[in-house]
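Reading through the structure tokens given below for one structure.
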Amino acid sequence: MAGYDSLILDHDGVLVSIVDSDTRIRTCCRRAGDAFRDVGVVPDAETIEKLAFSVSPDELHSLSDRFDATPERLWRCRDDLLAAVLKDAARNGEKAPYPDVEVLSRLDVPLGIASNNQHRIVSFVVEEHGLDDHFETIHAREPTLDSLDEKKPSPTYLRRAKADLGVSNPLYVGDKEKDVVAGKRAGIDVAFLRRDHNADRSLAVEPTHEVSSLEAVAPMVD
20 MAGYDSLILD HDGVLVSIVD SDTRIRTCCR RAGDAFRDVG VVPDAETIEK LAFSVSPDEL
80 HSLSDRFDAT PERLWRCRDD LLAAVLKDAA RNGEKAPYPD VEVLSRLDVP LGIASNNQHR
140 IVSFVVEEHG LDDHFETIHA REPTLDSLDE KKPSPTYLRR AKADLGVSNP LYVGDKEKDV
200 VAGKRAGIDV AFLRRDHNAD RSLAVEPTHE VSSLEAVAPM VD
């Protein structure tokens with residue numbers, strides 16, 4: 020192995036489960052009225068379904084014209100909605116740690132998180148499940164349009180996490196191709212973690228390692 024001196028992990032799909040699409044959409048529809056009250060509209064179900072997942076800049080600008088709201092204001096409402104929905108999911112167990120996360124408590128290296136999710140969501144979820152003491156740093160995005168430029172595959176969060184940890188040779192664990200790309204751009208090795216949601220996913224970019232659990236990652240850094 021490469022003698023990694025630290026571990027940086029993605030959040031959703033690596034540390035905690037992903038809320039299934041139907042549940043996410045259904046809960047977003049139920050909570051949309053509160054989240055979009057400041058904009059003065061209640062989006063229809065089709066619009067909420069779009070906003071519940073990734074939205075392109077063109078789609079966002081089209082929606083902002085339709086609702087007569089600035090893209091920045093609409094995006095903040097969208098992020099507020101997702102924050103409410105995913106915090107609820109953490110409270111009720113729909114967004115819970117994977118069993119193998121327990122292995123992290125046995126590692127004697129610095130740990131950090133680099134996620135495309137909102138910082139307030141990641142911080143809440145790890146605290147809700149008693150994982151916050153494991154991690155020395157969390158880098159994730161703020162609920163602003165500008166933060167979209169920092170999302171992986173940009174190496175921004177990985178580089179910041181590495182700097183915060185004060186390490187020279189971290190290993191990053193991710194579950195998407197963009198994680199592999201971000202790692203390469205940051206000069207950081209990547210372990211691609213396959214779980215049920217991505218077991219059959221093909222990759223156009225080769226990771227440094229492929230693993231099926233965090234248990235398999237532990238010997239690389241311990």
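Mind the numbering: the sequence shown is residues 20 to 241 in our numbering, read in order. Note that CB positions come from ideal geometry on N, CA and C, so glycine has one too.
{"Query": "Phenylalanine 86 - containing beta strand (DSSP E), residue span", "Result": "Per DSSP, phenylalanine 86 belongs to no beta strand (DSSP E); it is in the alpha helix (DSSP H), 76-86."}
{"Query": "Three-state secondary structure (DSSP) of tyrosine 117", "Result": "coil"}
{"Query": "C-beta contact flag for glutamate 155 and glycine 193 at 8 Å", "Result": "no"}
{"Query": "Cβ contact check for the region 77-95 and the region 53-66: 3 or more pairs under 8 Å", "Result": "yes"}
{"Query": "Under 8 Å between C-beta atoms of glutamate 234 and valine 122", "Result": "yes"}
{"Query": "Where arginine 139 falls: helix, strand or coil (DSSP)", "Result": "helix"}
{"Query": "Nearest neighbour of valine 186, chosen from His80, Lys171, Gly206 [CA to CA]", "Result": "Gly206"}
{"Query": "Per-residue burial, proline 62 [other beta carbons within 10 Å of its own, 16 or more giving buried]", "Result": "buried"}
{"Query": "Cβ neighbour criterion (16 or more within 10 Å) applied to alanine 218", "Result": "exposed"}
{"Query": "Beta-bridge pairing of valine 3 - partner residues as DSSP gives them", "Result": "With the chain running from 20 to 241 in the structure shown, residue 3 is simply not present."}
{"Query": "Which listed residue (Ala201, Asp215, His216) has its alpha carbon closest to that of threonine 227", "Result": "Ala201"}
{"Query": "Residue environment, glycine 22, which counts as buried when at least 16 other CB atoms sit within 10 Å", "Result": "exposed"}
{"Query": "Per-residue DSSP class, three states only, for serine 134", "Result": "strand"}
{"Query": "Short Cβ contact (8 Å threshold) for alanine 102 with glutamine 137", "Result": "yes"}
{"Query": "Leucine 79 versus glutamate 161: straight-line alpha-carbon distance, rounded", "Result": "17 Å"}
{"Query": "Reduced DSSP category for aspartate 57 - H, G, I as helix; E, B as strand; rest coil", "Result": "helix"}
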